[in-house]
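Peer 1:
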Amino acid sequence: MSLLDVDELTVTFAGRGGSGTRAVAGVSFAVDQGEVVGLVGESGCGKSVTSLALMGLLPRRGVTVGGRAVFNGTDLLSLRPSAMRDLRGSQLAMIFQDPLSSLNPVVPIGVQVTEILQRHRGLRGAGARKEAATLLDRVGIPDPTRRLKEYPHQLSGGMRQRALIAMAVACAPRLLIADEPTTALDVTIQAQILELLKELVDQQGTALLMITHDLGVVAGLCDRVNVLYAGKVVEAADRRPLFAAPAHPYAHGLLGSIPRLDAPRGDRLNPIRGSINDRIDWADGCAFAPRCDFYTLECLQGAPELSELGGAPDAGHPGHEVRCVNPVTTTTETTEAAV
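The C-terminal residue of the sequence shown carries number 347 in my numbering, and the numbering is unbroken.
1. So for aspartate 94, helix, strand or coil by DSSP?
2. In whole angstroms, what separates the C-alpha of threonine 340 from that of phenylalanine 251?
3. How is the alpha helix (DSSP H) around glutamate 16 delimited, first residue to last?
4. Please report the distance separating the alpha-carbon of isoleucine 280 from that of leucine 144.
5. Indicate the three-state DSSP secondary structure (helix, strand or coil) for aspartate 210 in the structure shown.
6. Helix, strand or coil: which one does DSSP assign to aspartate 286?
7. With DSSP as the reference, label isoleucine 36 as helix, strand or coil.
8. Would the segment 10-24 count as touching the segment 57-75 if we require 3 or more Cβ pairs under 8 Å?
9. Please name the residue, chosen from Glu207, His161 and Val241, that lies closest to glycine 42 on a Cα-to-Cα basis.
10. Could you give the distance in angstroms between the alpha-carbon of proline 267 and the alpha-carbon of glycine 118?
11. Can you tell me whether DSSP reads threonine 82 as helix, strand or coil?
12. In the DSSP assignment, find the alpha helix (DSSP H) that holds isoleucine 349 and state where it starts and stops.
13. What does the Cβ neighbour count give for histidine 328, buried or exposed, with the cut at 16 atoms within 10 Å?
14. Using three-state DSSP, classify arginine 273 as helix, strand or coil.
15. Considering just the uninterrupted stretch of the alpha helix (DSSP H) at aspartate 145, what are its terminal residues?
16. Enumerate in chain order the residues of its own chain whose CB-to-CB distance from glutamate 16 is below 8 Å, with the five nearest sequence positions on each side excluded.
17. Strictly by DSSP, which residues pair up with alanine 186?
18. Just checking, does the segment 213-229 make contact with the segment 293-307 on the three C-beta pairs under 8 Å criterion?
19. Can you check whether the CB of leucine 125 is closer than 7 Å to the CB of alanine 178?
20. Can the beta-carbon of proline 160 be found less than 7 Å from the beta-carbon of arginine 170?
21. Quick one: residues in its chain with C-beta nearer than 6 Å to the C-beta of leucine 317, no 5 flanking neighbours on either side, listed in chain order?
22. Within this structure, are the beta carbons of glycine 166 and isoleucine 185 separated by less than 7 Å?
23. If you draw a straight line from the alpha carbon of threonine 142 to that of valine 226, how long is it in whole angstroms?
24. Which whole-angstrom value describes the C-beta separation of methionine 175 and glutamine 120, a residue pair presumed to lie in contact below a C-beta threshold of 8 Å?
25. Give the DSSP-derived three-state secondary structure of leucine 193 in the structure shown.
26. Per DSSP, what kind of secondary structure is tyrosine 258 in: helix, strand or coil?
27. Measuring CB to CB, does leucine 349 end up less than 7 Å from glycine 54?
28. DSSP on arginine 68, reduced to helix/strand/coil?
29. Measuring from the CB of arginine 154, is there a heavy atom of the ligand GDP at a distance below 6 Å?
30. If valine 44 sits next to leucine 229, beta carbons under 8 Å apart, how far is it from one beta carbon to the other, in whole angstroms?
31. Here's the rule I'm using: 16 or more other beta-carbon atoms within 10 Å means buried, otherwise exposed. How should asparagine 234 be labelled?
32. I'd like to know whether the C-beta atoms of alanine 136 and leucine 156 end up nearer to each other than 7 Å.
33. Measure the Cβ-Cβ separation of alanine 101 and proline 181 and say whether it is below 7 Å.
See the structure below:
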């Protein structure tokens, strides 16, 4: 059994007049100990809502969460708020997308880090401050003792993100969720943050759920990738098979829209047409059909199932799965050249 097994997770936000918006429409995936799993897709596909549901951070009113999310034998979605608070920070931790809004602007960094140490590790006073300084030093923040006394606005974007990572790993959690942790950072700081996350996974055996729209991050960090569209996983595969031969037209389009260094000068990019709003309900067919270049009438005959591509997987291990009645067929050599 995996460390985390998510089975048919659904999240529906209530709307006026009784109509609701389903942001997550039945997401299933698994994360093993020491594994890095990616949730990939453009904004609005349900990635962040999935992570917030797993952490128990969605509003209790106006939101309906269904399905199962079994972490270490316990269904996170059925836990009482007090039990979830005990797990959150100690066994489960999350790095949020915007460090400036995630940190309290009127509380020094040191107080925010030591609060976690007090709550979950029972450290107090000088012992907690010493451990907090050690954590900041571990994530690469220079002069950590002085930084403990500073406020979030006094730190650079990279330092704030490192402070969030220090808080997330303070109790050596078994599962770490990173929600676009490099979005607002320049490329050099991005590389440093990703390297830091990779070291934490290697040293602690922590399982990492990486939520991102950056396929470069996926290529350099993730072991297995789940591509989301309109609240469902449309393709799931190990990193190399996915990049070598994406089967779902959406995943194929995401990879095809990446600029190529070996492309002739003046070549136009080939983006996916339309936007995330140009979709149909899954009950009526494939939600990606209005934007798909491989569309057929069969695409409108109900939602396709997520099924194995090219035969059954190895025993006990998921293979290359795709939710499409007309998957893309490209040669491995051609697609690898594009990546």
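The beta-carbon is built from N, C-alpha and C at its ideal position, and this holds for glycine as well.
Peer 2: According to the data block:
1. If DSSP states are grouped into helix, strand and coil, aspartate 94 belongs with the helices.
2. Confidence at threonine 340 is low in this model, with a pLDDT of 36, below 50, so the placement of that residue is unreliable and no value is reported for it.
3. Premise fails: glutamate 16 lies in the beta strand (DSSP E), 12-22, not in any alpha helix (DSSP H).
4. 41 Å
5. helix
6. coil
7. A quick correction: the sequence has serine, not isoleucine, at residue 36. The answer is strand: DSSP assigns serine 36 an E or B state.
8. yes
9. Comparing C-alpha distances from glycine 42 to each of Glu207, His161 and Val241 shows the shortest one belongs to Glu207.
10. Going by the C-alpha atoms only, they are around 42 Å apart.
11. strand
12. Residue 349 cannot be examined here, being either before or after the span of the chain that is shown, 9 to 347.
13. buried
14. Arginine 273: coil per DSSP, three-state reduction.
15. 133-146
16. Gly34, Val35, Ser36, Gly74, Gly75 and Arg76
17. Ile103 and Met218
18. Contact fails: fewer than three Cβ-Cβ distances are below 8 Å.
19. yes
20. no
21. Ala255, His328 and Val330
22. No, these two residues do not count as a Cβ contact at 7 Å.
23. 29 Å
24. By a beta-carbon distance limit of 8 Å, methionine 175 contacts glutamine 120. Their separation comes to about 7 Å.
25. Three-state DSSP puts leucine 193 in coil, outside helix and strand.
26. helix
27. In the structure as shown, the chain starts at 9 and stops at 347, and residue 349 therefore has no counterpart that could be examined.
28. coil
29. As presented, the structure is devoid of all ligands, the ligand GDP included, so that no description of it is given.
30. 6 Å
31. buried
32. Cβ atoms of alanine 136 and leucine 156: not closer than 7 Å.
33. yes
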